[in-house]
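Take a look at the structure below.
Right under this line is the structure:
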């Protein structure tokens with residue numbers, strides 16, 4: 001996630017409310033806006049995102065909080081391309097059409113998927129799953145393609161206020177039995193993921209927000 005090239009001061013930050021995933025910079029009144037150039041997540045060795053996961057009960061009360069850290073540790077050459085290895089063991093790369101992740105165990109597998117389409121227009125869709133169906137226990141469920149729901153949405157986190165692209169994805173039960181769950185991801189261009197919300201049956205079950213950021 002790259003440092004934003006466009007900082008607009010004195011903009012009033014609001015929280016974009018939609019049912020919905022890193023502490024070096026701290027709270028900020030700066031409004032970091034998207035740019036027409038750059039990448040959705042800046043990949044450079046040493047870049048780091050620290051985030052906080054929050055879990056909620058059925059009434060919306062907080063029942064647990066945990067922290068995680070993603071650090072870009074090194075570069076890996078594959079098929080004449082430079083990928084970036086994260087501290088989570090995954091490889092990342094920015095292509096002209098967006099951010100990709102390779103979640104395979106082998107460095108030669110090439111089993112990668114798109115995390116965020118960028119640049120993108122509201123209504124654009126893209127597939128993040130390698131398969132259209134996932135097996136949960138003994139029940140097959142359908143996952144919709146991700147869709148860009150909004151652009152320039154103001155999102156405030158402990159790390160600052162950012163203007164974000166909002167990507168959404170829904171999970172449906174088999175045989176058209178209804179919506180099982182959803183996931184909303186908030187990416188700030190040239191910064192990366194700043195917020196994520198996961199829910200089901202009309203409520204947020206788990207959320208992640210950026211609390212600290214280091215970009216080189």
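In our numbering, the protein residues as written are 1 to 216.
A virtual CB, placed ideally from N, CA and C, is assigned to each residue, including glycine.
Cβ neighbour criterion (16 or more within 10 Å) applied to residue i
i           : result
residue 190 : buried
residue 94  : buried
residue 102 : buried
residue 98  : buried
residue 188 : buried
residue 161 : buried
residue 125 : exposed
residue 67  : exposed
residue 123 : exposed
residue 89  : exposed
residue 216 : exposed
residue 202 : exposed
residue 87  : exposed
Residue i and residue j closer than 8 Å at C-beta
i           : j           : result
residue 159 : residue 204 : no
residue 55  : residue 206 : yes
residue 118 : residue 63  : no
residue 163 : residue 180 : no
residue 100 : residue 112 : yes
Alpha-carbon spacing of residue i relative to residue j, whole angstroms
i           : j           : result
residue 147 : residue 115 : 11 Å
residue 214 : residue 70  : 10 Å
residue 65  : residue 96  : 36 Å
residue 152 : residue 82  : 30 Å
residue 193 : residue 59  : 27 Å
residue 168 : residue 198 : 10 Å
residue 91  : residue 127 : 18 Å
residue 109 : residue 80  : Only weak support exists for where residue 109 lies, its pLDDT of 47 falling under 50; the value from the coordinates is given anyway. Those two C-alpha atoms are separated by around 14 Å.
residue 155 : residue 171 : 24 Å
residue 53  : residue 38  : 28 Å
residue 78  : residue 61  : 45 Å
Cβ distance (whole Å) where residue i is taken to contact residue j below 8 Å
i           : j           : result
residue 244 : residue 182 : Since the first and last residues shown for the chain are 1 and 216, residue 244 lies out of range.
residue 150 : residue 166 : 4 Å
Legend entry - the segment 38-48 touching the segment 70-80, judged by at least three CB pairs closer than 8 Å: The segment 38-48, when compared against the segment 70-80, does touch it at the 8 Å Cβ threshold.
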